[in-house]
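Just below is one structure, and these are the notes that go with it.
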Amino acid sequence: MGNQELCILLDSILALLETDNTEKAKEVIRNGIRRIDKGMTSSSSENNSKE
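Each step along the sequence shown adds one to the number in numbering that gives the first Met the number 0, with nothing skipped, and position 5 is 4.
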């Protein structure tokens, strides 16, 4: 996930929290964590296969 995507994600979370939509904010956070984890996993497996 790049910086621009992260900023969009954080902006979305902030907007949801400002409107007291905490459940949706939690869902966005969980999805973001999954995307980051998935990206880290695929990056590390790519790095290992290049060696």
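All C-beta atoms in this analysis are idealised placements derived from N, C-alpha and C, irrespective of residue type, glycine included. Quick caveat: nothing in here was measured; it's all calculated off a predicted structure.
- The shortest C-alpha to C-alpha distance from Asn2 to any of Glu17, Ser41 and Gly31 is the one to Gly31.
- Approximately 10 Å separates the beta-carbon atoms of Val27 and Leu13; this is outside 8 Å, ruling out the contact.
- Annotation for Asp19: no alpha helix (DSSP H) segment contains it, and DSSP assigns it neither H nor E.
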